[in-house]
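Read through the structure below, which is laid out as structure tokens, and then see the notes.
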């Protein structure tokens, strides 16, 4: 599988047949997307990895039943989103502190100190603002603006009406605009 | 269209997700309302910020961890994985271990003289140095024997030690030119040191201690004062740069095995004659074990 996680009918066949190499390629091709979604939703790298692993394990158990009427990435996003929302509402979850910059910096390990210094303030404020969004709005804006899913894909991933997706996205963006006001032109 | 209605659709407008009719209404309002245009610009900038956020990457080893959980290996496979590392890891590790061991062995070899001496002493003596056969005890004090018949012609006589001296000069053991005395003494000191080290490492058994001394010359020294002769003999040996190899009692006699530098042999014999009545059997025509030294067995009576 290519790095971008592109899927082919042949790959789907191998996955359904239980080919371990095909599954490894699936994980390698989608790991960053799934982990990124979990991290932006949970703000905790360890918890995000746990959810991301669980996402792939659930997919592995259900691959034989995957019908192929949606993209594999959409399917994986759906599993990951459900797991994240369940985790966020679970009573025993450690309460993530909104705007915990330390966690966010740990999560975004690619940035060296220089880059962090340049763009750190804006990005940290943005991550704080995302983390403070209500969960149902947060996941929509993360899927749309950070992962680039189309409205109908988001509706399918979250099993929502299209109008609900639009409404939640609009609210989320307006909230963020207010919180990021001082960084806007 | 009111500002509120227009702003509710700004997000859809940015994503080009409005139907033609509502889109026309929003665009008409924006054309007339500067505030709503400003709101649209800020919303666009906010979305721009979001879309420029670098997506995080999964931590290293994530795929392996997922595969480990999806396809768990039986315990014996995991154990084998621990025990038998892949060749890419094993080969460099083994090569490094070999180099380390070789270096350590070389270092120990250099730093441990006993090892070198042991290795040097293992080969048999060269053919030119015949091993001494087991000799029966001397039958009589006066008997002086040469250890082995000389297969080669006798060495030419050495130059006379002192003009006018009436006595026949003691024999020179070999015709080969003698090395400098200092070098001989050095060689002898090394041999003694090696023997000393050997004795500390390999303690000889009583049988080994009784092994025959490879003497080239046997002689008898008759003295009047045994104790004084012992001391004087020790001084004499030391003076000529020789060494006492062994000393034991044989009945009423004291038998002393000594090593004397070949070049000082004449001087040593003169010293013996000064101590008492020295009688040696002939001249040492056999090739000595050590070409630089003469081995003598002296029976003091």
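Protein chains in written order, with this note's numbering: chain A, 1 to 185; chain B, 1001 to 1301.
Each residue gets a CB set at the ideal place from its N, CA and C atoms; glycine is no exception.
Any idea what DSSP makes of residue 1053/B, helix, strand or coil?
The answer is coil: DSSP assigns residue 1053/B none of H, G, I, E or B.
Per the contact definition of three or more C-beta pairs closer than 8 Å, is the stretch 151-169 of chain A in contact with the stretch 1058-1071 of chain B?
The stretch 1058-1071 of chain B, when compared against the stretch 151-169 of chain A, does not touch it at the 8 Å Cβ threshold.
In three-state DSSP terms, what is residue 1177/B?
For residue 1177/B, the pLDDT reaches just 43, beneath the cut-off of 50, and the residue's location in the model is therefore unreliable, leaving the point undetermined.
When DSSP labels each residue in this structure, what does residue 159/A get in the three-state scheme?
Three-state DSSP puts residue 159/A in coil, outside helix and strand.
Output the boundary residues of the beta strand (DSSP E) element that contains residue 89/A.
Residue 89/A -> not in any beta strand (DSSP E); alpha helix (DSSP H) instead, spanning 72-89.
Quick check on residue 1261/B: does DSSP put it in helix, strand or coil?
Three-state result, residue 1261/B: strand.
With a cut-off of 8 Å on the beta carbons, I'd call residue 1218/B and residue 1275/B a contact; round off their distance for me.
With 8 Å as the limit, residue 1218/B and residue 1275/B do not qualify as a contact, their Cβ atoms being about 17 Å apart.
Just list the alpha helix (DSSP H) runs in the stretch 1040-1099 of chain B, keeping only unbroken ones of 4 residues or longer that don't cross its boundaries, in chain order.
DSSP runs (the alpha helix (DSSP H)) wholly in the stretch 1040-1099 of chain B: 1062-1070, 1075-1083.
Would you mind working out which of 1222/B, 1294/B, 1246/B, 1270/B sits nearest residue 1277/B, comparing C-alpha positions?
Looking at the Cα atoms, 1222/B is the closest of the given residues.
What are the residues in the stretch 26-44 of chain A lying within 7 Å of chain B by C-beta distance?
Answer set for the stretch 26-44 of chain A: 27, 28, 31, 32, 35, 36, 39.
So if I threshold CB-CB distances at 8 Å, which residues from the stretch 1040-1053 of chain B count as touching chain A?
Those would be 1041, 1042, 1043, 1045, 1046, 1047, 1049, 1050, 1051, 1053, in chain order.
Run through DSSP, which three-state label would residue 1248/B get?
Looking at residue 1248/B - three-state DSSP - the assignment turns out to be strand.
Going along the chain, which residues of its own chain have a beta-carbon closer than 8 Å to the beta-carbon of residue 55/A, five neighbours each way excluded?
Here the set comprises 34, 38, 76, 79, 80, 83.
Establish whether the CB of residue 1056/B and some CB of chain A are separated by less than 9 Å.
Yes, residue 1056/B lies at the interface with chain A (some Cβ there is under 9 Å from its Cβ).
Here's the rule I'm using: 16 or more other beta-carbon atoms within 10 Å means buried, otherwise exposed. How should residue 181/A be labelled?
Residue 181/A should be labelled exposed.
Going along the chain, which residues of its own chain have a beta-carbon closer than 6 Å to the beta-carbon of residue 1073/B, five neighbours each way excluded?
So no residue of the chain qualifies.
Counting only Cβ pairs nearer than 8 Å, list the residues of chain A close to residue 1011/B.
Chain A residues near residue 1011/B: 166, 169, 170, 173, 174.
With residue 179/A and residue 129/A assumed to form a contact (beta carbons below 8 Å), what rounded beta-carbon distance in angstroms separates them?
Between residue 129/A and residue 179/A the Cβ distance is about 4 Å, and since that is below 8 Å, they are a contact.
Cutting at 6 Å between CB atoms, please list the residues of its own chain near residue 1001/B, excluding the five before and the five after it.
Excluding sequence neighbours, residue 1001/B sits near 1025, 1029.
Of the choices 1031/B, 1213/B, 1033/B, 1043/B, whose alpha-carbon is the least far from that of residue 1010/B?
Comparing Cα-Cα distances from residue 1010/B to each of 1031/B, 1213/B, 1033/B, 1043/B, the minimum goes to 1043/B.
Quick one: is residue 86/A buried, meaning 16 or more other Cβ sit within 10 Å of its Cβ, or exposed?
Exposed, since its Cβ has fewer than 16 Cβ neighbours within 10 Å.
If you reduce the DSSP assignment to three classes, tell me which class residue 1256/B lands in.
Here residue 1256/B sits in strand by DSSP.
Excluding the 5 residues flanking residue 137/A on each side, which residues of the same chain have their C-beta closer than 6 Å to its C-beta?
Cβ neighbours of residue 137/A beyond the five flanking positions: 168, 171, 172.
According to DSSP, which residues form a beta bridge with residue 1299/B?
In the DSSP output, where bridge partners are listed per residue, residue 1299/B has 1220/B, 1255/B.
Please compile the residues from chain A whose C-beta is within a distance smaller than 8 Å of the C-beta of residue 1017/B.
Correct list: 151, 166.
Do you know how far the Cα of residue 1258/B is from the Cα of residue 1246/B?
Going by the C-alpha atoms only, they are around 7 Å apart.
Check whether chain A comes within 9 Å of residue 1095/B, counting only Cβ atoms and requiring the distance to be less than that.
It does not: the Cβ of residue 1095/B has no partner Cβ on chain A nearer than 9 Å.
Tell me whether residue 1028/B sits in a helix, a strand or coil according to DSSP, three-state version.
Residue 1028/B falls in the helix class under three-state DSSP.
Can you give me the C-alpha to C-alpha distance between residue 1227/B and residue 1293/B, rounded to a whole angstrom?
Straight-line Cα distance between these residues: approximately 26 Å.
Establish whether the CB of residue 12/A and some CB of chain B are separated by less than 9 Å.
Residue 12/A does not count as touching chain B.
Could you give the distance in angstroms between the alpha-carbon of residue 59/A and the alpha-carbon of residue 10/A?
Approximately 17 Å between the Cα atoms of the pair.
For the stretch 1059-1092 of chain B, enumerate the residues whose C-beta is nearer than 8 Å to any C-beta of chain A, in chain order.
Flagged, chain order: 1059, 1062, 1063, 1065, 1066, 1067, 1069, 1070, 1071.
Do you know offhand how far residue 190/A's Cα is from residue 146/A's?
Residue 190/A cannot be examined here, being either before or after the span of chain A that is shown, 1 to 185.
For residue 1280/B, which three-state DSSP category applies?
Three-state DSSP puts residue 1280/B in a strand.
Using C-beta distances below 7 Å, list every residue in its chain close to residue 63/A, excluding the 5 sequence neighbours before and after it, in chain order.
The answer, listed in chain order, is 15, 16.
Between residue 16/A and chain B, is any beta-carbon pair separated by less than 9 Å?
Not one chain B Cβ lies under 9 Å of residue 16/A.
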